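S.K.: My structure is below; once you've seen it, I'll send some questions.
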Amino acid sequence: MTGLTFAVGGILTATGVIAYVASDASSLTALIPAALGVLILIAAFISRAPKARRHALHAALAIALLGIAGTAMNVMKLGELFAGTAERPNAVIASTVTFVVLLVFLGAGIASFVRARRYRAAQDPANAPA
(Lines of atoms letter the chains of each structure in order from A and count residues from 1; the text may use other names and numbers.)
(Lines give C-alpha, C1' and ligand atoms only; values in the text may rest on other atoms or scores of the structure.)
Protein backbone atom coordinates (compact mmCIF):
# COMPACT_ATOMS: atom_id res chain seq x y z
CA MET A 1 0.00 0.00 0.00
CA THR A 2 2.92 2.33 0.66
CA GLY A 3 4.14 1.88 -2.92
CA LEU A 4 0.69 2.69 -4.29
CA THR A 5 0.57 5.76 -2.06
CA PHE A 6 3.87 7.00 -3.51
CA ALA A 7 2.57 6.37 -7.04
CA VAL A 8 -0.70 8.21 -6.42
CA GLY A 9 1.12 11.15 -4.86
CA GLY A 10 3.45 11.34 -7.85
CA ILE A 11 0.63 11.08 -10.40
CA LEU A 12 -1.36 13.83 -8.69
CA THR A 13 1.66 16.10 -8.35
CA ALA A 14 2.42 15.68 -12.05
CA THR A 15 -1.24 16.25 -12.94
CA GLY A 16 -1.27 19.53 -11.01
CA VAL A 17 1.96 20.79 -12.54
CA ILE A 18 0.80 19.86 -16.05
CA ALA A 19 -2.57 21.56 -15.46
CA TYR A 20 -0.81 24.68 -14.19
CA VAL A 21 1.49 24.84 -17.22
CA ALA A 22 -1.44 24.13 -19.59
CA SER A 23 -3.36 27.05 -18.07
CA ASP A 24 -0.41 29.33 -18.93
CA ALA A 25 0.30 29.65 -15.21
CA SER A 26 -2.78 31.83 -14.92
CA SER A 27 -4.67 29.80 -12.34
CA LEU A 28 -3.34 28.76 -8.97
CA THR A 29 -6.33 26.43 -8.59
CA ALA A 30 -4.73 24.28 -11.29
CA LEU A 31 -2.20 23.31 -8.62
CA ILE A 32 -4.85 21.71 -6.37
CA PRO A 33 -4.07 18.19 -7.65
CA ALA A 34 -0.39 18.86 -6.94
CA ALA A 35 -1.21 20.00 -3.40
CA LEU A 36 -3.19 16.80 -2.82
CA GLY A 37 -0.31 14.83 -4.32
CA VAL A 38 2.27 16.44 -2.05
CA LEU A 39 0.14 15.75 1.04
CA ILE A 40 -0.27 12.12 -0.02
CA LEU A 41 3.48 11.87 -0.69
CA ILE A 42 4.17 13.17 2.82
CA ALA A 43 1.87 10.48 4.21
CA ALA A 44 3.69 7.90 2.07
CA PHE A 45 7.06 8.94 3.49
CA ILE A 46 5.69 8.77 7.03
CA SER A 47 4.18 5.33 6.34
CA ARG A 48 7.65 3.90 5.80
CA ALA A 49 8.01 3.81 9.60
CA PRO A 50 6.28 0.58 10.72
CA LYS A 51 4.74 2.13 13.84
CA ALA A 52 3.28 5.03 11.85
CA ARG A 53 2.17 3.05 8.78
CA ARG A 54 -1.49 2.55 9.65
CA HIS A 55 -2.02 6.15 10.78
CA ALA A 56 -0.19 7.63 7.79
CA LEU A 57 -2.13 5.51 5.31
CA HIS A 58 -5.40 6.40 7.01
CA ALA A 59 -4.42 10.06 6.67
CA ALA A 60 -3.63 9.55 2.97
CA LEU A 61 -7.05 7.97 2.45
CA ALA A 62 -8.75 10.82 4.32
CA ILE A 63 -6.98 13.28 2.00
CA ALA A 64 -8.18 11.18 -0.95
CA LEU A 65 -11.75 11.32 0.29
CA LEU A 66 -11.57 15.10 0.64
CA GLY A 67 -10.05 15.33 -2.83
CA ILE A 68 -12.85 13.22 -4.30
CA ALA A 69 -15.43 15.49 -2.71
CA GLY A 70 -13.62 18.61 -3.90
CA THR A 71 -13.23 17.51 -7.51
CA ALA A 72 -16.72 16.05 -7.97
CA MET A 73 -18.21 19.39 -9.03
CA ASN A 74 -15.88 19.73 -12.04
CA VAL A 75 -16.31 16.05 -12.93
CA MET A 76 -20.03 16.74 -13.30
CA LYS A 77 -19.10 19.09 -16.16
CA LEU A 78 -17.74 16.28 -18.36
CA GLY A 79 -20.80 16.57 -20.59
CA GLU A 80 -20.00 20.22 -21.22
CA LEU A 81 -16.41 19.26 -22.03
CA PHE A 82 -17.53 16.75 -24.66
CA ALA A 83 -20.06 19.23 -26.05
CA GLY A 84 -17.31 21.83 -26.35
CA THR A 85 -19.07 24.29 -24.06
CA ALA A 86 -17.00 23.86 -20.90
CA GLU A 87 -15.91 27.21 -19.50
CA ARG A 88 -12.61 25.79 -18.19
CA PRO A 89 -11.84 22.56 -20.07
CA ASN A 90 -8.39 22.15 -18.49
CA ALA A 91 -9.95 22.26 -15.02
CA VAL A 92 -12.50 19.62 -15.98
CA ILE A 93 -9.78 17.33 -17.35
CA ALA A 94 -7.46 17.79 -14.35
CA SER A 95 -10.34 17.30 -11.92
CA THR A 96 -11.48 14.15 -13.69
CA VAL A 97 -7.99 12.64 -13.65
CA THR A 98 -7.66 13.54 -9.97
CA PHE A 99 -11.11 12.13 -9.17
CA VAL A 100 -10.46 8.80 -10.91
CA VAL A 101 -6.97 8.35 -9.41
CA LEU A 102 -8.23 9.14 -5.91
CA LEU A 103 -11.30 6.92 -6.28
CA VAL A 104 -9.16 3.94 -7.32
CA PHE A 105 -6.73 4.70 -4.48
CA LEU A 106 -9.54 4.92 -1.93
CA GLY A 107 -11.03 1.63 -3.14
CA ALA A 108 -7.65 -0.11 -2.99
CA GLY A 109 -6.97 1.32 0.46
CA ILE A 110 -10.29 0.19 1.88
CA ALA A 111 -9.80 -3.29 0.41
CA SER A 112 -6.30 -3.43 1.90
CA PHE A 113 -7.51 -2.44 5.37
CA VAL A 114 -10.34 -5.00 5.24
CA ARG A 115 -7.86 -7.74 4.25
CA ALA A 116 -5.48 -6.72 7.04
CA ARG A 117 -8.25 -6.73 9.61
CA ARG A 118 -9.46 -10.17 8.52
CA TYR A 119 -5.90 -11.47 8.61
CA ARG A 120 -5.37 -10.17 12.16
CA ALA A 121 -8.71 -11.65 13.24
CA ALA A 122 -7.72 -15.04 11.80
CA GLN A 123 -4.43 -14.89 13.70
CA ASP A 124 -6.11 -14.03 17.01
CA PRO A 125 -9.84 -14.94 17.13
CA ALA A 126 -10.21 -13.14 20.48
CA ASN A 127 -9.74 -9.84 18.61
CA ALA A 128 -12.25 -10.64 15.87
CA PRO A 129 -14.70 -7.83 15.07
CA ALA A 130 -18.17 -8.19 16.55
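Just so we're aligned: 110 in the numbering used here is position 110 of the sequence shown, and the numbers increase by one with no gaps anywhere.
Every residue, glycine too, gets a C-beta built ideally from N, C-alpha and C.
Since the structure is predicted, the reported quantities are computational estimates derived from the model, not experimental observations.
1) Buried or exposed for Ala-72, please, with buried defined as at least 16 other CB atoms from any protein chain shown within 10 angstroms of its CB.
2) Rounding to the nearest angstrom, what Cα-Cα distance links Arg-48 and Thr-2 in this structure?
3) Output yes or no for whether 8 Å exceeds the beta carbon distance between Ile-38 and Thr-15.
4) DSSP state of Glu-80, grouped into three classes?
5) Specify the secondary structure class of Ser-47 as computed by DSSP and reduced to three states.
6) Assign Pro-33 to one of two classes, buried (16 or more other C-beta atoms within 10 Å of its C-beta) or exposed (fewer than that).
7) Below 8 Å on the Cβ atoms is my contact criterion, and I expect Phe-6 with Ala-44 to pass it. Report the Cβ-Cβ distance as a whole number of Å.
8) On a CA-only basis, which of Phe-82, Val-75, Ser-23, Ala-59 is nearest Thr-96? Give me that one, please.
9) Please identify the residue among Val-17, Leu-66, Arg-117, Val-114 whose C-alpha is closest to the C-alpha of Asn-90.
10) Between Leu-102 and Ala-64, which are expected to be in contact by the criterion C-beta below 8 Å, what is the C-beta distance as a whole number of angstroms?
M.R.: With the structure as the only source:
1) exposed
2) 7 Å
3) Note that residue 38 corresponds to Val in the displayed sequence, not to Ile. The Cβ atoms of Val-38 and Thr-15 lie no closer than 8 Å to each other.
4) helix
5) coil
6) buried
7) 5 Å
8) Val-75
9) Val-17
10) 4 Å
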